[in-house]
Structures are given as structure tokens and as C-alpha cells.
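Novice:
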Amino acid sequence: MGGREPRAQRPTGAALLGPLRGAAQSAGERWPAPGHASGKQRRGLGGGRRPQQVIMVSIPEYYEGKNVLLTGATGFMGKVLLEKLLRSCPKVQAVYVLVRHKSGQTPEARIQEITSCKLFDRLREEQPDFKEKIIVITSELTQPELDLSSPIKQKLIDCINIIFHCAATVRFNETLRDAVQLNVLSTKQLLSLAHQMTNLEVFIHVSTAYAYCNRKHIEEIVYPPPVDPKKLMDSLEWMDDGLVNDITPKLIGDRPNTYTYTKALAEYVVQQEGAKLNTAIIRPSIVGASWKEPFPGWIDNFNGPSGLFIAAGKGILRTMRATNGAVADLVPVDVVVNMTLAAAWYSGVNRPRNIMVYNCTTGGTNPFHWSEVEYHVISTFKRNPLEQAFRRPNVNLTSNHLLYHYWIAVSHKAPAFLYDIYLRITGRSPRMMKTISRLHKAMMLLEYFTSNSWIWNTENMTMLMNQLTPEDKKTFNFDVRQLHWAEYMENYCMGTKKYVLNEEMSGLPAARKHLNKLRNIRYGFNTILVILIWRIFIARSQMARNIWYFVNKRMTMKINCWKL
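First residue of the sequence shown: 1, per full-length UniProt numbering; consecutive thereafter.
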């Protein structure tokens with residue numbers, strides 16, 4: 001952008017927002033007004049039912065001989081989907097994964113690293129040659145033509161039957177320019193390639209249940225976009241970063257971040273540009289550790305609640321801005337993956353007339369609240385503590401602004417400051433204040449979701465579940481009514497210990513001993529503090545002096561008796 005005219009002549013943010021919003025309103029005229037769609041319109045936008053009853057093949061039978069294209073295979077959900085597809089649909093022909101170079105690693109090296117991790121142990125045991133079905137393709141989704149060579153592009157055009165688009169940036173603080181490129185532009189370009197595919201049966205787009213978090217009741221439909229995605233992408237081409245940052249708050253409006261904003265735009269792109277394709281949209285809520293597959297509690301990242309669970313287990317997180325009664329809409333990653341594979345099967349076999357949208361959430365059928373999350377996390381980490389905890393686990397949830405900042409000062413900043421002083425005195429580098437600062441930034445990004453509740457319509461999710469054969473219901477289970485939260489949360493917390501922090505279970509006795517030591521230190525500190533307060537502030541009265549004399553004399557007598 002260095003060759004542009006001086007910034008003094010650039011349009012203001014307000015001047016830019018008018019055309020963008022006007023275009024969005026024009027596009028929105030083709031849509032039913034929110035909350036007033038007719039039954040026919042709702043079925044058209046939100047996942048029309050099957051046009052006729054057909055004989056259903058099982059899910060593994062449907063994937064037999066199919067060539068699948070997968071984006072986001074190096075991400076959390078993409079890994080689980082890749083493993084599940086290969087393990088439960090062993091006769092799938094091949095899985096083509098689009099992967100980019102990252103941190104000096106080639107795409108092949110990245111996939112090799114992923115398929116060698118513990119997640120694939122079960123698949124490795126059942127199908128030792130599973131890697132032969134994974135075909136790695138170097139690609140950059142934000143580049144023209146996905147940065148594919150002509151021969152590879154033609155190969156994909158000729159052979160791909162099913163597309164799973166899982167790639168996205170999930171960073172809540174991503175700049176608008178990067179979020180649009182990674183979440184919207186990449187989707188648009190993948191759809192362009194999909195239109196050229198001669199044997200494509202299904203296009204599955206993974207979105208988020210919070211794409212329309214500015215609404216309290218969210219149906220299984222694609223809502224009108226906040227702005228026209230094409231005009232926004234065109235505008236970002238000539239805007240400099242300063243101008244983009246200036247208009248971002250005005251553009252995202254009542255959404256909390258660029259992630260939810262751009263995922264809403266991406267859904268509109270799928271609905272518009274995938275109109276002639278057989279498409280479906282999956283909207284998971286807060287994706288957490290695995291429930292059952294390939295084993296309980298698998299998690300490999302600090303994203304979302306996982307980082308907060310670890311901070312709580314370490315005793316660093318002591319208070320959090322949250323509404324105790326708000327629904328914590330966690331959904332296990334294997335539930336999302338099973339439903340995604342089933343959704344592709346359903347659309348492939350039935351070919352619905354219109355786009356299918358699935359809200360993959362738990363709050364409506366098996367609600368779980370943030371106060372319950374806090375209870376189970378703390379109780380689990382007290383029974384099975386993390387190694388080298390800073391303090392004993394204990395978290396106070398509050399929705400009161402003043403009380404929250406009081407606890408931040410008393411429970412976070414003060415202990416961190418004192419600990420850094422101790423580190424300096426002992427000749428070590430202070431680090432706790434930096435850790436607390438990073439924690440507070442993460443908490444700020446999440447407090448919107450921990451302080452609010454939403455209602456998602458899940459009729460299509462229920463319908464899809466009812467279409468499965470008894471065997472498929474076992475193999476591809478996504479019935480969250482069966483989810484036992486206490487057991488799941490314990491497995492989740494232990495998963496962060498084993499798979500994120502790489503702590504061995506053999507270290508539990510030492511960790512428990514360390515936690516008991518921290519408890520004794522706390523009791524000792526509190527006792528000394530009470531004595532000091534008594535001596536300085538209370539002991540000035542004659543009654544207090546008499547009580548102190550009596551207690552001191554009694555303790556002296558007992559000590560003398562013990563000596564004898």
C-alpha cells in the first residue's frame with residue numbers, strides 16, 4: 001500500500017459504511033424478515049425436509065469409494081474428522097487434504113506430525129496402512145485459484161465427490177482484513193472450485209453457532225448479512241490498515257469480534273454462491289474435548305475454555321466475569337464430527353432442494369451452566385491436581401463489575417506482583433505479571449460468551465438423528481441427551497493435563513503433596529494475618545486485651561503440660 005496517495009484524502013469510516021450497509025439491505029430484501037418467515041421460506045433457507053422417502057444406505061456405505069476433500073485438517077476439528085472418517089468409513093477411496101506451509105514445515109511434514117500423534121493410535125491399530133489414503137496437497141486458500149497447480153486442480157475437478165470446509169481462523173482478536181481473507185475469501189474461492197467439479201455430490205461448510213450472536217433466538221436458517229461480502233472484500237483491497245481498524249467497530253456493530261462477524265458473512269457467501277450446489281452448514285457452539293471418540297477427553301490446544309480450565313487448575317485464575325445461570329453451551333468435538341459426517345450422508349442421499357443448516361448445540365436439550373462448569377473444574381483439579389500449581393484451585397464467578405475488578409486486584413494482581421518480587425530476590429526472571437496480563441486478555445475475549453445465553457432451534461439436528469439406522473446411531477452418535485456432564489468435565493480436565501500439558505498420571509502423588517503444602521501455607525498466612533489485624537486494630541480495647549491475655553495464658557499452660 002506504500003504507493004498510494006497520502007492518507008489525508010481517504011474517506012471517513014462513516015462515509016464508507018453507508019454504501020456497504022445499503023448493499024446489505026438490498027441483498028436482504030430477498031430474505032424473509034427475521035422472525036416472520038413463512039413455513040415454506042423457513043424450510044427453503046433452513047434446511048428443507050426430504051422431497052420424498054428414499055431407501056437409505058448406511059453412512060459407511062455412502063462413503064464407500066468416495067473421494068473427499070478436506071480443508072482445515074491441521075486444526076482441532078479437522079484432525080478429529082480425518083481420523084473418524086478413515087476409521088469408521090474404511091472403504092472411503094481417498095481423503096485429499098489442502099495444507100499450507102507453516103513455520104518452515106512442509107504440508108507433508110505437518111500431516112505426518114498430526115497422524116503420528118495419540119489421536120490416531122486407535123486408527124493406527126485397526127488400519128496400519130491408513131496413511132496411504134491421505135493425499136496431501138499444498139494450497140493457500142487465500143491465494144487466487146487456491147494456489148493450486150493446473151494438473152492438481154484438474155485432478156480435484158475430476159475426482160472429488162464430497163467437500164468438508166473446516167478451515168478458518170478462530171482467533172477472536174484477528175484483524176478484520178485477515179478474518180475476511182481467512183473466513184470469507186477462502187470460502188468464496190473454494191466454492192468457485194467446487195462449481196467446476198464434475199462429480200461433486202455435497203459441499204459441507206463448518207460455521208459457528210455464534211455467527212448470529214447478536215440475536216437471542218437463532219433458527220436453522222441463513223440470516224441477511226450485516227454488509228454485502230463482495231463489496232466489503234472489494235473495499236478492503238484499497239483500504240490501508242489504519243482505515244480498516246477505524247471502521248471495524250462500526251462494521252461489526254453489536255457482535256463481539258471479527259470472528260463471529262466474518263462467519264456470518266461466509267454463511268451468506270455459501271448460500272448465494274453455493275445455490276446450485278448441494279450444500280449444508282454446520283454450526284457448532286463452543287467445541288470442547290472429545291466425549292467418547294477416539295477416546296474420552298482428547299484435547300490438544302489452549303483455545304476457548306481449555307486455557308481457562310488449565311489456568312484454574314494451576315491456581316492462577318481466581319475470578320472470572322460470568323453469569324452463574326448462563327448456559328455454557330459446550331459441545332464435544334466428536335459430536336460435531338459425527339453430525340458433520342451424517343449431514344453429508346443425508347444431503348448426498350436425499351439431495352434436499354435447499355441449503356440445510358444444523359445448529360449443533362447442547363443448551364436446548366441438555367443444558368449446563370457456567371456455575372456447574374466452575375464446580376466440576378475445581379473439584380476435578382483438587383482431586384487430580386496439575387503439577388507445580390501456583391495456588392490451590394478456587395474460582396469466583398461474578399457478573400458485578402465492581403466486585404469483579406476488586407477480585408482481580410486482590411486475587412490476581414497482588415499475588416502475582418508479590419511472586420515476581422520473590423523471583424527477583426532469588427535471582428530469577430519475573431514472569432507472573434505477564435502471565436496474568438495474558439490471562440486477562442483471554443478472559444476479556446470470552447466474557448461476552450460467559451455472560452449471555454442464547455436459544456438455538458435444533459429441529460434439523462433432531463431430524464437428522466432420527467434418520468440414522470440403529471447401527472449408525474451407535475457409530476456416529478451425536479445424541480447429546482446421553483451426555484453426562486460431570487463425567488465429561490472430569491475427562492475434559494484430565495485431557496488438558498495429559499494431552500495439552502503432557503503430564504503423566506504417575507506424577508499425581510507428588511502433585512497432591514504439593515497442593516497440600518500450598519494449603520498449609522495458606523492456612524499459616526491467614527492465621528498470621530488474623531493475629532496482626534487483631535493486635536493492630538482490635539487489641540486497643542480493654543476487653544480485647546483481656547481475651548488476648550486469657551487465650552495466651554491457656555496456650556502457655558498447654559505447652560508447658562506437653563513439655564512435662
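Virtual Cβ for every residue (Gly too), placed ideally from N, Cα, C.
This structure is a prediction, so every number in the text was calculated from the model and none was measured.
1. Starting from Asn495, trace the alpha helix (DSSP H) both ways and give me its first and last residue.
2. Assuming Thr208 and Arg283 make a contact with CB atoms under 8 Å, what is their CB distance in whole Å?
3. Quick check: what's the CA-CA separation for Ile436 versus Glu374?
4. Might you give, ordered along the chain, the residues of its own chain that have their beta carbon closer than 6 Å to the beta carbon of Thr266, omitting 5 neighbours on each side?
5. Given that a residue counts as buried once 16 or more other Cβ atoms are within 10 Å of its Cβ, and exposed if not, what is Met356?
6. With a CB to CB cut of under 8 Å and the five nearest residues on each side skipped, what residues in its chain are close to Leu119?
7. Can you find the residues in the same chain that come closer than 8 Å, C-beta to C-beta, to Asn366, ignoring five residues on each side of it along the sequence?
8. Three or more C-beta pairs under 8 Å: does that hold for the segment 320-329 against the segment 507-523?
9. Determine the closest residue to Val222 out of Val244, Asn359 and Leu317, with distance taken between C-alpha atoms.
10. Going by alpha carbons, who is nearest to Ala280 out of Gly348, Cys89 and Glu126?
11. For Glu64, which beta-bridge partners are listed by DSSP?
12. In its own chain, which residues sit with a C-beta less than 6 Å from the C-beta of Gly304, not counting the 5 before and 5 after it?
13. Using C-beta distances below 6 Å, list every residue in its chain close to Ser88, excluding the 5 sequence neighbours before and after it, in chain order.
14. Using the three-state DSSP reduction, which class does Met197 fall into: helix, strand or coil?
15. When the Cα of Ser235 is compared with those of Leu191, Gln181 and Lys513, which residue comes out closest?
16. Distance check for Leu386 and Ser149, CA to CA, integer angstroms please.
17. Please classify Thr527 as buried or exposed, where buried requires at least 16 neighbouring CB atoms within 10 angstroms.
18. Whole angstroms are fine: how far does the CA of Thr361 sit from the CA of Asn460?
19. Is DSSP giving Gly288 helix, strand or coil here?
20. Let's test the definition: count the other Cβ atoms within 10 Å of the Cβ of Gly47 and tell me whether it reaches 16, buried, or not, exposed.
21. Within the same chain, show all residues whose beta-carbon is closer than 8 Å to that of Met494, passing over the 5 residues directly before and after it, in chain order.
22. Which value, in whole angstroms, describes the spacing of the CA atoms of residue 575 and Asn396?
23. Scan the segment 293-369 and note each continuous alpha helix (DSSP H) run of 4 residues or more that stays entirely inside, going in chain order.
24. Of the choices Met197, Asn516 and His440, whose alpha-carbon is the least far from that of Gln388?
25. Using the rule of at least 16 other Cβ atoms within 10 Å of the residue's Cβ for burial, across every protein chain shown, is Gly65 buried or exposed?
26. Do Phe309 and Tyr492 count as a contact pair if the criterion is CB distance below 9 Å?
27. Could you tell me how far apart the beta carbons of Met77 and Val269 are, in whole angstroms, since I believe they sit closer than 8 Å?
28. Got a sec? Which residues, its chain only, sit under 6 Å from Ile316 by beta carbon, not counting five neighbours each side?
29. Out of Ile152, Tyr419 and Glu219, which has the shortest C-alpha to C-alpha gap to Ile455?
30. Can Gln189 and Thr142 be called in contact, C-beta distance under 9 Å?
31. Determine the burial state of Ser306: buried for a count of at least 16 other Cβ atoms within 10 Å of its Cβ, exposed for fewer.
32. Looking only at DSSP bridge pairs, what is Ile281 linked to?
33. Return the first residue and the last residue of the alpha helix (DSSP H) that Asn516 is part of.
34. Can you find at least 3 beta carbon pairs, one from the segment 428-446 and one from the segment 401-419, that sit closer than 8 Å?
35. Would DSSP call Lys441 helix, strand or coil?
36. Given a cut-off of 9 Å, decide if Leu277 and Phe203 are closer than it, judged by their beta-carbon atoms.
Specialist: Quick answer:
1. Locating residue 495 in the sequence shown gives position 495, counting from the first residue. In the sequence as presented, Asn is not what sits at residue 495; that position holds Gly. Gly495 -> alpha helix (DSSP H) spans Trp485 to Gly495.
2. In the sequence shown, counting from the first residue as 1, residue 208 sits at position 208. In the sequence shown, counting from the first residue as 1, residue 283 sits at position 283. With 8 Å as the limit, Thr208 and Arg283 qualify as a contact, their Cβ atoms being about 6 Å apart.
3. As a working mapping, residue 436 is identified with position 436 in the sequence shown. As a working mapping, residue 374 is identified with position 374 in the sequence shown. Taking the straight line joining both Cα atoms gives about 19 Å.
4. As a working note, residue 266 is residue 266 in the sequence shown. Just to set this straight, residue 266 is Ala in the shown sequence, not Thr. Hits under 6 Å: Asn183, Val184 and Thr187.
5. Position 356 of the sequence shown holds residue 356. Per the 10 Å Cβ criterion, buried.
6. Start at 1 with the first residue of the sequence shown, and residue 119 comes out as number 119. Same-chain partners within the cutoff: Lys79, Val80, Glu83, Pro294, Trp298 and Asp300.
7. As a first step, residue 366 must be located in the sequence shown, where it is residue number 366. Only Val480, Arg481, Leu483 and Trp485 meet the Cβ criterion.
8. no
9. In the sequence shown, counting from the first residue as 1, residue 222 sits at position 222. Nearest option by C-alpha distance: Asn359.
10. The residue labelled residue 280 in the question sits at position 280 within the sequence shown. The shortest Cα separation from Ala280 among Gly348, Cys89 and Glu126 belongs to Gly348.
11. Reading the sequence shown from its first residue, position 64 is the one you call residue 64. For Glu64, which the question treats as bridged, DSSP gives the partners Val92.
12. On the sequence shown, position 304 is the one that residue 304 refers to. Ile286, listed in sequence order.
13. Numbered from 1 along the sequence shown, position 88 holds the residue referred to as residue 88. Around Ser88: Thr475.
14. Start at 1 with the first residue of the sequence shown, and residue 197 comes out as number 197. Note: Met197 maps to coil in three-state DSSP.
15. As a working mapping, residue 235 is identified with position 235 in the sequence shown. Ser235 has its Cα closest to that of Gln181, out of Leu191, Gln181 and Lys513.
16. The sequence position of residue 149 within the sequence shown is 149, counting from 1. The sequence position of residue 386 within the sequence shown is 386, counting from 1. Taking the straight line from one Cα to the other gives about 48 Å.
17. Numbered from its first residue, the sequence shown carries residue 527 at position 527. Counting Cβ neighbours within 10 Å, Thr527 comes out exposed, since fewer than 16 surround it.
18. Counted from its first residue, the sequence shown places residue 460 at position 460. Counted from its first residue, the sequence shown places residue 361 at position 361. Their backbone Cα atoms lie some 11 Å apart in a straight line.
19. Along the sequence shown, one-based indexing puts residue 288 at 288. Reduced to three states, the DSSP call for Gly288 is strand.
20. By 1-based counting over the sequence shown, the position of residue 47 is 47. At Gly47, the pLDDT of 45 sits below 50, so the modelled position is not reliable; the number obtained from the coordinates is stated separately. In the assembly as shown, Gly47 is a buried residue. Its beta-carbon has 16 or more other beta-carbons within 10 Å.
21. Here residue 494 is taken as the residue at index 494 of the sequence shown, counted from 1. Result list for Met494: Gly297, Thr380 and Asn384, in chain order.
22. This structure cannot settle anything about residue 575, because the visible part of the chain is limited to 1 through 564.
23. 305-313 and 333-350
24. Translated into positions along the sequence shown, residue 388 becomes position 388. Nearest C-alpha to Gln388: Asn516.
25. For the purposes of this step, residue 65 is identified with residue 65 of the sequence shown, where counting begins at 1. The residue is exposed, with fewer than 16 neighbouring Cβ atoms inside 10 Å.
26. Mapped onto the sequence shown, residue 492 falls at position 492. Mapped onto the sequence shown, residue 309 falls at position 309. Result yes, Cβ atoms of Tyr492 and Phe309 sit closer than 9 Å.
27. Taking the sequence shown and counting its residues from 1, the one referred to as residue 77 is at position 77. Taking the sequence shown and counting its residues from 1, the one referred to as residue 269 is at position 269. The beta-carbon distance between Met77 and Val269, rounded to whole angstroms, is 20 Å. This is too long to meet the 8 Å contact definition.
28. Against the sequence shown, residue 316 aligns to sequence position 316. Only Phe390 meet the Cβ criterion.
29. For the purposes of this step, residue 455 is taken as residue 455 along the sequence shown, with counting starting at 1. Ile455 has its Cα closest to that of Glu219, out of Ile152, Tyr419 and Glu219.
30. Walking along the sequence shown from the start, residue 189 turns up at place 189. Walking along the sequence shown from the start, residue 142 turns up at place 142. Going by C-beta atoms, Gln189 is nearer than 9 Å to Thr142.
31. For this step, residue 306 is matched to residue 306 along the sequence shown. Counting C-beta atoms within 10 angstroms of its own C-beta, Ser306 has 16 or more neighbours from the protein chains shown and is therefore classed as buried.
32. For the purposes of this step, residue 281 is taken as residue 281 along the sequence shown, with counting starting at 1. Answer is His205 and Val357, bridged to Ile281.
33. Numbered from its first residue, the sequence shown carries residue 516 at position 516. Looking at the DSSP string, the run of the alpha helix (DSSP H) that includes Asn516 is Leu508 to Ile533.
34. yes
35. In the sequence shown, residue 441 corresponds to position 441, counting from 1. In the structure shown, Lys441 sits in a helix (DSSP, three-state: H, G or I).
36. As a position in the sequence shown, residue 203 is number 203, starting the count at 1. As a position in the sequence shown, residue 277 is number 277, starting the count at 1. Yes, these two residues count as a Cβ contact at 9 Å.
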